Structures are given as C-alpha cells and as structure tokens.
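Q:
Residue numbers (our numbering): 38 to 144.
Here it is as structure tokens:
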C-alpha cells in the first residue's frame with residue numbers, strides 16, 4: 038500500500054472587489070469567520086503580494102503542505118478566487134490493488 042500526493046484546487050468568482058476579499062483574508066476577526074483552521078493545525082505565512090496572493094505553510098501532525106490563495110480582478114467587478122492546497126497526502130485504501138498479490142502455499 039502506498040500513499041499518493043495530490044493537490045486540492047477550488048476556484049470561484051466572488052461578488053466583491055479584490056481589496057475587500059483581501060481584508061477578509063488578512064484581518065483576523067474577519068478571516069476567522071469563514072476560514073477557521075482546526076485546532077491541531079499550525080500556519081506560517083510564506084508569501085504575500087497585497088490584494089493578490091497569500092501562501093501559508095500548513096502543518097498538521099507530521100504532514101506539511103502549502104495553501105495558496107490567489108485573487109484576480111474579474112471583468113464583472115468581482116474577484117477570481119483560487120485556493121490551492123498542495124501537496125496533500127492521500128492514503129491508499131488497505132484493499133487497493135496496487136500491491137503484489139500475496140501467494141499462499143499449502144504445507
């Protein structure tokens with residue numbers, strides 16, 4: 038059994054300008070309303086580009102990954118929002134068929 042690494046990507050268009058979304062992401066009392074992290078997760082800011090990019094190092098137990106949020110102005114006056122969480126370790130199922138079959142011998 039082996040684990041696979043992958044990424045989770047979420048994209049949408051929000052009905053607010055990038056500056057307003059940026060405030061929601063960076064002011065703690067706003068951020069905590071909708072981007073609440075689990076208690077056993079620690080975050081460390083890795084990269085910032087005001088009104089367009091945030092990257093956090095996400096540490097949960099012994100696993101580390103990066104969460105990147107990208108904001109782009111949208112033609113309708115809103116904001117393109119893209120969240121990427123990578124790499125995620127996806128455990129393989131115990132009954133997966135990606136392992137060599139076990140051979141049984143009669144004694």
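Glycine residues also receive a C-beta, built at the ideal position from the N, C-alpha and C atoms.
These figures come from a predicted structure and were not determined experimentally.
From the DSSP output, which residues share a beta bridge with residue 117?
A: Taking the chain shown and counting its residues from 1, one reaches residue 117 at position 80. Bridge partners of residue 117: 50, 109.
Q: Looking at C-alpha atoms only, which residue of 81, 44, 80, 62 is the closest neighbour of residue 72?
A: The sequence position of residue 72 within the chain shown is 35, counting from 1. When each option's Cα is compared against that of residue 72, the closest is 62.
Q: Which whole-angstrom value describes the C-beta separation of residue 76 and residue 97, a residue pair presumed to lie in contact below a C-beta threshold of 8 Å?
A: As a first step, residue 76 must be located in the chain shown, where it is residue number 39. As a first step, residue 97 must be located in the chain shown, where it is residue number 60. Between residue 97 and residue 76 the Cβ distance is about 10 Å, and since that is not below 8 Å, they are no contact.
Q: Let me know the secondary structure DSSP gives residue 94 once reduced to three states.
A: As a position in the chain shown, residue 94 is number 57, starting the count at 1. It is a strand residue.
Q: Where residue 93 and residue 113 are concerned, what is the direct C-alpha to C-alpha distance, given to the nearest angstrom?
A: Within the chain shown, the letter at position 56 stands for residue 93. Within the chain shown, the letter at position 76 stands for residue 113. Taking the straight line from one Cα to the other gives about 28 Å.
Q: CB-CB under 6 Å to residue 104, same chain, minus the five flanking residues each way: which ones, in chain order?
A: Mapped onto the chain shown, residue 104 falls at position 67. 93, 95, 122, listed in sequence order.
Q: Whole angstroms is fine: what's the gap from residue 54's alpha carbon to residue 111's?
A: The residue you call residue 54 lines up with position 17 of the chain shown. The residue you call residue 111 lines up with position 74 of the chain shown. Spanning the two alpha carbons is a distance of roughly 8 Å.
Q: Output the distance between the C-alpha atoms of residue 102 and residue 117, rounded to the nearest integer angstrom.
A: Looking up residue 102 in the chain shown gives position 65. Looking up residue 117 in the chain shown gives position 80. Residue 102 and residue 117: Cα-Cα distance of roughly 23 Å.
Q: Indicate whether residue 82 and residue 106 have their beta-carbon atoms separated by less than 9 Å.
A: Here residue 82 refers to the residue found at position 45 of the chain shown. Here residue 106 refers to the residue found at position 69 of the chain shown. Cβ distance not < 9 Å, so residue 82 and residue 106 don't count as in contact.
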